Amino acid sequence: MPTSSRSSRPAAIARALPGFHVWNRSKRNVVADLATDGGRARLHTLCDHADVLITDSLSQSGALSYDALAARNPALIQCWMPPYGGRGPDADALVSDDLVAARSGLLASQWGYREGPVFITLPVASYGTAMLAAGAVCAALNARNRTGRGQSIEVSWLAGAFAMQTGSIVAHPALLRVMGLVRDPQGVIPVYRLFKASDDWLFIACGNPTFFNKMCLVFERPELVSDPRFDGAPWVIAPAYWAEIKQLIQSIVATKPRAEWLRLLDEADIPCAPVLTRSDFIDDPQVAHLGMRQEIDDSQLGRTIQMGVPVNLRDTPGAIQCAAPRLLDAVISDQWKVTRQTPPPIRNTPSAIRPEATGPLAGTLVLDFTNYIAGPSAAMVLALAGADVIKIEAPSGDPFRAFGFGFFGWNQGKRGVALDFSKPESRATVYDLVRRADVLVENLRPGATQRLGIDYETIAAINPRLIYGSITAFGSSGPRGQEAGFDPLLQARSGVMAAQGGHGGDPVFLACAACDYAVGLLAAFGVMAALYTRERTGRGQLVETSLAQAAMAAQSGEFVYYDGRPDMEHGGRDLIGRHPLRRAYQCADGWIFVSATATHWPAMRAAVAAACRTDDPTGEPADGATGTQLAAILAGRDRDQVLAQLAAVGVPAAPVLGVADLFDDQQILANNLLHTGTAANWGEFQQTGTLVHYAATPVTIARIAPQRGEHNEEILRSVLGYSSEHIALLRSRGALVD
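What the sequence shown shows, in our numbering, is residues 33 to 770, in sequence order.
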């Protein structure tokens, strides 16, 4: 793919962010003022020779009109990222990451000690959008390999925020949101949460019954295994016992230092982690082993330490090519024109694909050997780009089926097969599928794939064209390469929890599984990049990423160190915002979030807070004198009226929506971000839909998440061509499980 160029408007604010130097490395810089004829001509010259044009909130009219650009370069792919989407009543509203977090349910879903939304220190919506968009561009490039044509794609910030919580955004009358009713910033599940040892904090993640049983033995309390209060451990313990059980376990953990508990739990192979800072994590030997600690000389900052490349393609690895560019008016050289590869010729008839297939990955067969959240969400991203994804489960099924509707949010758009891997006939069936597949995705613990006979070397020998996507906790080698891991363990190790809690505060468990969703998006991106490369090389390859790498990618702007770096770990207990003009306020009928600056303050004060006399409150804490005064003023007012008054004077603000509110929000509905499905046992329900809109290869969601083995016969017949007799034989021998 060609070197990217960045067409930039004056961006002093963006360039002042530490993350700028991570997000813009490996790029060249060109200044193009689109308000001038010369700037528009420069943009058109670039686009004439480009594969991809990426724009954020800039209008898609005028110089950036895709139709006009595609008339000059039909192979161009344009990725547009409008914050609230390109349609709807608030499409042109002033928006920030904070406001998208408020409107997408992220703030209302975060656990706190008090009622109301909690400000999240990480720009989760922005990171989700970036990773979702990168994958969407790869998907469109794959479609271009088939058709020869580019297209326009849209990835809103709302879609990026939704991509980081698909298991939570589900609506059904019978759905009990217990997780939302219990607000515990250390974690709501009593055996999957933060605990404080005699000296410091750790996270214990009993993610399956085996880990729970082992934990009881380590605690020297074996009777807890049969204690009726723990029935259903770890995931379906009755909520009535949660508080009691948390207190019981906390009293045990408080008896020993953290290091002692970590040693005992590690020896018993129970997933656990200390709560560390980002500075601790970037110096971790495993991070260095993964190549995720890189020293880069930056022309502006000097020597910096940054994260490395978070996805590894074995045969075509990525690399940091250079530091972020200065704001220089570079000359467009002939080198730009020759670095671009010639796209395939435009085809007037599509390639042969399965008749019902839609989307840029139509005709791509994916085998999904994943469980929990991280792996299934990666395969789901591929399904929502049009791939035919087959979820292959053991007789016991994916452990996270216990989450009911959440499972639907991690496995949408797939078909399902259930096989007993202990039977030799099952392995033969898997290998038959491998011979026909384009992609295999797995997130099994290191060593498990070898035991099952689906490790990369075995699979590549059967099908050298297959792309093998592997997701682990810490990578497949190195000091921690054999360890199991779950999202909160990497939240703990990588500094997420410490940063949200703030200096000297108790750590906070993010309700949004940022590491899980990030690694799913990264893995899908890597797989799609490898599929694109396969068209040139004819070969498949191994694609690897890990929760550890994703934890850093989801904090890429925070994992940058240099002399003079500002404090970026300043969270706090029940954080409500950064200052009085950037915080949540409760109105009479709901919450709003204001995301303003000192420049907005005179207009805001005149519109809604004439009694406030402070000239510039941005130097005050969010709950300081001005924040308290504003809170009292707004508490008795109608939410929509306040939002209208602020919008009228150009002050950025948004409603704080809970998950249940998302399904009635007119802006969300206008952008088709939701989907209605029907489950056999539950009837109609709603969940997230097609989060990426492809103009030329639109995606139709054909199915909800499968029941275990739901499509056994359909797949064995349509994909493998098995006869009725062969299928009956597999059933009789227990290899095929209905």
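Where a beta carbon is used, it is the ideal one built from N, C-alpha and C, also for glycine. All values derive from a computational prediction rather than experimental measurement.
Contact between the region 190 to 208 and the region 160 to 170 is defined here as three or more beta-carbon pairs at a separation below 8 Å; is this criterion met?
Verdict: yes, contact present.
So the candidates are Ala760, Ala728, Ser58, Gly741; which of them puts its Cα closest to the Cα of Asp329?
Nearest option by C-alpha distance: Ser58.
When burial is assigned at 16 or more other CB atoms within 10 Å of the CB, is Ala642 buried or exposed?
By the 10 Å Cβ count, Ala642 comes out exposed.
Can you tell me which residues form a DSSP beta bridge with Val84?
BP columns for Val84 point to Ile109.
Figure out for me which residue from Ser93, Pro50, His81, Asp122 has the closest Cα to the Cα of Gly682.
Among Ser93, Pro50, His81, Asp122, the Cα nearest to that of Gly682 belongs to Asp122.
Alpha-carbon spacing of Phe251 relative to Lys288, whole angstroms:
Distance between the alpha carbons of Phe251 and Lys288 is about 11 Å.
Between which two residues does the beta strand (DSSP E) containing Ala237 stretch?
Unbroken beta strand (DSSP E) run through Ala237: 233 to 237.
For the region 235 to 294, which segments carrying the alpha helix (DSSP H) assignment without a break, of at least 4 residues, lie completely within its bounds, in sequence order?
Taking only runs of at least 4 residues, the alpha helix (DSSP H) segments lying wholly in the region 235 to 294 are 241 to 250, 274 to 285.
Where does Arg346 sit, in a helix, a strand or coil, going by DSSP?
DSSP places Arg346 in coil when its eight states are reduced to three.
Can you say whether Gln482 is buried or exposed, counting buried as having 16 or more other CB atoms within 10 angstroms of its CB?
It is exposed - the Cβ of Gln482 has fewer than 16 other Cβ atoms within 10 Å.
Phe435 to Leu553 span [Cα, whole Å]
Within the model, the alpha-carbon separation for Phe435 versus Leu553 is close to 21 Å.
Cα separation between Gln142 and Arg610?
Computed Cα separation, rounded: 16 Å.
Beta-ladder partner(s) of Thr710, from DSSP:
BP columns for Thr710 point to Glu716.
Rounded to whole angstroms, what's the CA-CA distance from Lys423 to Cys544? Just pull it up for me.
Whole-angstrom Cα-Cα distance: 24 Å.
Tell me which residue opens and which closes the beta strand (DSSP E) that Ser230 is part of.
Neither: Ser230 is in no beta strand (DSSP E) and is coded neither H nor E.
Taking Cβ positions, are Gly604 and Gly537 nearer each other than 8 Å?
Cβ atoms of Gly604 and Gly537: closer than 8 Å.
Pull up the distance between the alpha-carbon of Gly350 and that of Ala562, whole angstroms please.
Going from the Cα of Gly350 to the Cα of Ala562 covers about 11 Å.
Helix, strand or coil for Ser37 per DSSP?
Because Ser37 sits at a pLDDT of 41, beneath the cut-off of 50, its placement in the model cannot be relied upon, and the following sentence gives the value as read from the coordinates. Note: Ser37 maps to strand in three-state DSSP.
Residue from Leu297, Ala680, Arg104, Leu768 with nearest C-alpha to Ser454
By alpha-carbon distance to Ser454, the top candidate from Leu297, Ala680, Arg104, Leu768 is Leu768.
Since I believe Leu542 is in contact with Val551 (beta carbons under 8 Å), could you give me their beta-carbon distance rounded to a whole number of angstroms?
About 15 Å separates the Cβ atoms of Val551 and Leu542, ruling out a contact at the 8 Å cut-off.
How many Å lie between Cys547 and Ala586 at the Cα?
Taken atom to atom, the span from the alpha-carbon of Cys547 to that of Ala586 is near 7 Å.
By the 10 Å Cβ neighbour count, where 16 or more other Cβ atoms means buried, how is Ile736 classified, buried or exposed?
Within a 10 Å sphere around the beta-carbon of Ile736 sit 16 or more other beta-carbons, which makes this residue buried.
Measuring straight from C-alpha to C-alpha, what distance separates Gly391 and Ile284?
Their Cα atoms are separated by approximately 53 Å.
Measure the C-alpha to C-alpha separation of Ala356 and Gly340 and round it to an integer number of angstroms.
A straight-line Cα-Cα distance of about 14 Å links Ala356 and Gly340.
Among Leu762, Ile201, Cys248, Gly766, whose alpha-carbon lies nearest the alpha-carbon of Gln718?
Closest option to Gln718, Cα to Cα, is Ile201.
Have a look at the DSSP bridge pairing and note the partners of Lys423.
The partner list for Lys423 (beta bridge, DSSP) reads Asp400, Gly448.
By a C-beta neighbour count over all protein chains shown, 10 Å radius and 16 as the cutoff for buried, is Arg290 buried or exposed?
When all chains shown are included, Arg290 counts as buried.
Kindly indicate which residue of Ala630, Trp633, Ala300, Asp655 has the alpha-carbon position closest to the one of Arg615.
By alpha-carbon distance to Arg615, the top candidate from Ala630, Trp633, Ala300, Asp655 is Asp655.
Does the Cβ-Cβ distance between Tyr116 and Gln677 come in under 8 Å?
Taking C-beta atoms as the reference points, Tyr116 and Gln677 fail to come closer than 8 Å.
Continuous beta strand (DSSP E) assignments of at least 3 residues falling wholly in the region 440 to 484:
You should have 447 to 450, 471 to 474.
Got a sec, what are the start and stop residues for the beta strand (DSSP E) Gln532 sits in?
Run containing Gln532: none in the beta strand (DSSP E); it sits in the alpha helix (DSSP H), 528 to 533.
Indicate, with yes or no, if the ligand GDP has a heavy atom lying under 7 Å from the CB of Asp99.
The model depicted lacks the ligand GDP and carries no ligand whatsoever.
Give a yes or no on contact between the region 576 to 586 and the region 506 to 526, applying the rule of three or more CB pairs nearer than 8 Å.
With the rule of 3 Cβ pairs closer than 8 Å, the region 576 to 586 counts as touching the region 506 to 526.
Reference Leu139; option with closest CA among Phe625, Ile733, Asp672
Of the candidates Phe625, Ile733, Asp672, the residue whose Cα lies closest to the Cα of Leu139 is Phe625.
Contact belief for Asp549 with Gly160 at Cβ below 8 Å, rounded distance in angstroms
Note that residue 549 is Tyr in the sequence shown, not Asp. The pair is a contact, with the Cβ atoms about 7 Å apart (cut-off 8 Å).
Where does the unbroken beta strand (DSSP E) through Ala415 begin, and where does it stop?
No beta strand (DSSP E) holds Ala415; the alpha helix (DSSP H) holding it covers 406 to 415.
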